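Residue numbers (my numbering), protein chains in the order written: chain A, 17 to 197; chain B, 6 to 186. This report concerns only the one structure given below.
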Amino acid sequence: MTNRSAFDRVSPVVGRPPLVVVFVAVLIIALGELGGAVLSQLRPAAARWAAARVAANPGPHGLTGSAEYDETIRDQAVFATEAGLSFFHTHAEGTGLVLFFASTLVASVARRRVVRGTLYTLLTLGALFPLGYLVYSFAVLRFGRETGVEFAETWVLTPLGSAAILGLLGLAVSLARRGRR
Amino acid sequence: MDTWGDTWGDTWRLPPRAVLLAAVLLLVAAELGGASMSRYKLELARWARTGMLAHPDVHGLVGVRDVDERALDEALFRFDTGLRLFHMHAEGMALVVVATTTVAATLARTAVPRRTLIVLLTVGGVGYPLGYLIWSALIPSYGVERSKAIAEWLVWIPFGGATIVALLWLAALTAVRMVRR
Chain A
17 MTNRSAFDRV SPVVGRPPLV VVFVAVLIIA LGELGGAVLS QLRPAAARWA
67 AARVAANPGP HGLTGSAEYD ETIRDQAVFA TEAGLSFFHT HAEGTGLVLF
117 FASTLVASVA RRRVVRGTLY TLLTLGALFP LGYLVYSFAV LRFGRETGVE
167 FAETWVLTPL GSAAILGLLG LAVSLARRGR R
Chain B
6 MDTWGDTWGD TWRLPPRAVL LAAVLLLVAA ELGGASMSRY KLELARWART
56 GMLAHPDVHG LVGVRDVDER ALDEALFRFD TGLRLFHMHA EGMALVVVAT
106 TTVAATLART AVPRRTLIVL LTVGGVGYPL GYLIWSALIP SYGVERSKAI
156 AEWLVWIPFG GATIVALLWL AALTAVRMVR R
């Protein structure tokens with residue numbers, strides 16, 4: 017019998033999550049890297065394309081025909097589009113890693129199959145969160161800045177972000193319960 | 006069968022120790038970089054400014070204080086940005102190296118592809134962030150754009166390219182394993 021505390025116990029092995037989860041994690045990291053490279057090489061072309069999309073879609077952007085006002089609106093929309101693409105790059109690198117490490121912990125500590133399945137699902141959905149920033153970029157150009165941002169937040173960023181939070185909370189609960197045994 | 010929650014008992018294999026050492030050293034460099042940027046901010050800015058004043062042609066300095074100060078401020082801002090990007094990318098890429106080489110070590114069954122993947126992921130991941138450091142270091146002597154082009158061709162494209170190719174290969178390999186199982 018030992019008197020070691022929960023913090024002294026170590027496991028000899030670290031579990032591996034299902035291949036679907038591993039695939040999504042690697043793919044999201046790869047897309048994040050690719051997005052960064054594309055953004056760095058094609059930034060001027062992307063800004064020109066975004067400005068052209070705003071000009072071709074004057075209604076949702078509230079363009080009035082006044083050159084000075086329209087230019088401000090166009091600049092704001094192009095800035096929001098570029099910010100969305102940049103956020104995609106940074107978040108994809110992060111959430112891919114979060115999925116890898118968090119799902120590895122799930123595979124190592126969650127003993128019940130239903131719990132593991134639920135946590136894998138939530139964490140994998142959460143890792144797709146950066147795709148919301150791609151939607152954000154395109155929605156801003158399609159619907160205008162305010163409506164586009166709201167669309168991406170309501171339909172993509174909030175649901176996927178909530179899945180990530182719930183998955184991580186579930187993992188924390190699993191770890192806490194495991195520690196008490 | 007490898008579906009949600011059915012992998013209890015499957016474990017990760019550790020990548021070679023040299024890979025883990027490289028990733029940890031990159032993490033250390035990132036932390037040191039962040040700390041140095043904060044601790045030696047003034048000294049670094051002074052060093053860069055002295056270097057820029059020693060190369061007036063490169064920075065378009067004309068001897069008129071108002072014009073020169075604006076050019077110097079812009080170059081100093083880029084110098085600082087390069088250091089910050091090194092700090093951030095080095096932290097992120099070190100974790101990417103640990104995660105992705107673990108996947109490669111576990112899922113790539115034959116030796117040659119496994120070694121190739123691990124080398125590409127490690128060399129690419131560790132080398133890429135150093136490009137930001139090189140960019141910053143070269144700015145005083147070569148100017149913002151020329152040093153960016155040097156860093157791009159010497160570091161970002163070869164090392165970033167290696168990482169992207171390896172990540173896409175790893176994603177494809179994981180997908181094939183997933184389908185075959």
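Ideal Cβ placement from N, Cα and C applies to all residues, glycine included. Since this is a predicted model, take the numbers as computed values, not measurements.
Beta carbon proximity, residue i to chain A, threshold 7 Å
| i | result |
| --- | --- |
| A156 (chain B) | no |
| V108 (chain B) | yes |
| G132 (chain B) | no |
| L37 (chain B) | no |
| A34 (chain B) | no |
| A28 (chain B) | no |
| I144 (chain B) | no |
Residues that residue i contacts on chain B, provided the C-beta gap is smaller than 7 Å
| i | result |
| --- | --- |
| V29 (chain A) | T16 |
| A53 (chain A) | G165 and I169 |
| F116 (chain A) | A104 |
Where the alpha helix (DSSP H) through residue i begins and ends
| i | result |
| --- | --- |
| H77 (chain A) | P74 to H77 |
| E87 (chain A) | A83 to V125 |
| I139 (chain B) | A116 to Y147 |
| E36 (chain B) | R22 to R44 |
| T16 (chain B) | Run containing T16 (chain B): none; DSSP gives neither H nor E here. |
| A165 (chain B) | A small fix is needed here, since residue 165 (chain B) is Gly in this sequence, not Ala. No alpha helix (DSSP H) contains G165 (chain B), which DSSP labels as neither H nor E. |
| V101 (chain B) | R70 to L112 |
| E157 (chain B) | Taken as a continuous stretch (DSSP letters only), E157 (chain B) belongs to no alpha helix (DSSP H), as it is neither H nor E. |
| R129 (chain A) | R129 to A143 |
| E12 (chain A) | This structure leaves residue 12 (chain A) out entirely; chain A is present only between 17 and 197. |
Cβ of residue i within 7 Å of any chain B Cβ
| i | result |
| --- | --- |
| T18 (chain A) | For T18 (chain A), the pLDDT reaches just 47, beneath the cut-off of 50, and the residue's location in the model is therefore unreliable, although a value from the coordinates is still provided. So, not an interface residue. |
| V156 (chain A) | no |
| I44 (chain A) | no |
| L113 (chain A) | yes |
| S190 (chain A) | no |
Cross-chain neighbours of residue i in chain B, by beta carbon under 8 Å
| i | result |
| --- | --- |
| T120 (chain A) | W17 |
| E109 (chain A) | G97 and V101 |
Chain A contact residues for residue i, given Cβ-Cβ distances below 9 Å
| i | result |
| --- | --- |
| M183 (chain B) | P34, L35, V36, V38 and F39 |
| R186 (chain B) | L35 |
| G56 (chain B) | By Cβ distance, chain A contributes nothing, its closest Cβ being about 25 Å from G56 (chain B), past 9 Å. |
| A189 (chain B) | The structure shown has nothing for residue 189 (chain B), since chain B only spans 6 to 186. |
7 Å Cβ cutoff met for residue i and residue j
| i | j | result |
| --- | --- | --- |
| M98 (chain B) | Y133 (chain B) | yes |
| L35 (chain A) | V125 (chain A) | no |
| L126 (chain B) | T105 (chain B) | yes |
| V149 (chain B) | R83 (chain B) | yes |
| A179 (chain A) | P146 (chain A) | no |
| S146 (chain B) | H60 (chain B) | yes |
| A41 (chain A) | L141 (chain A) | no |
| V38 (chain A) | T86 (chain B) | no |
| V211 (chain A) | T97 (chain A) | Given a span of 17 to 197 for chain A in the structure shown, any question on residue 211 (chain A) remains unanswerable. |
| A143 (chain A) | I45 (chain A) | no |
| G38 (chain B) | H92 (chain B) | yes |
| L55 (chain A) | L113 (chain A) | no |
| L81 (chain B) | D73 (chain B) | no |
| A35 (chain B) | A95 (chain B) | yes |
| G133 (chain A) | L176 (chain A) | no |
| A123 (chain A) | P33 (chain A) | yes |
| T168 (chain B) | E49 (chain A) | yes |
| P74 (chain A) | F159 (chain A) | no |
| A53 (chain A) | G165 (chain B) | yes |
| L150 (chain A) | F104 (chain A) | yes |
8 Å Cβ cut-off: residues of chain A touching residue i
| i | result |
| --- | --- |
| A180 (chain B) | F39 |
| A176 (chain B) | F39, V42, L43 and A46 |
Per-residue contacts from residue i into chain B (C-beta, under 9 Å)
| i | result |
| --- | --- |
| L50 (chain A) | I169, L172 and L173 |
Are there three or more Cβ pairs, one per stretch, closer than 8 Å when the region 46 to 56 of chain B is compared with the region 76 to 96 of chain B? yes
Taking three-plus beta-carbon pairs below 8 Å as touching, is the region 170 to 180 of chain B in contact with the region 139 to 155 of chain B? no
Pair every Cβ in the region 172 to 191 of chain A with every Cβ in the region 109 to 128 of chain A, then say whether three or more of these pairs are closer than 8 Å. yes
Stretch-stretch touch, CB-based, cutoff 8 Å, three pairs: the region 14 to 21 of chain B with the region 110 to 122 of chain B: yes
Quick check: the region 20 to 37 of chain B against the region 84 to 101 of chain B, are there 3 or more CB pairs under 8 Å? yes
The region 93 to 105 of chain A in contact with the region 154 to 165 of chain A per 3-pair CB rule at 8 Å: yes
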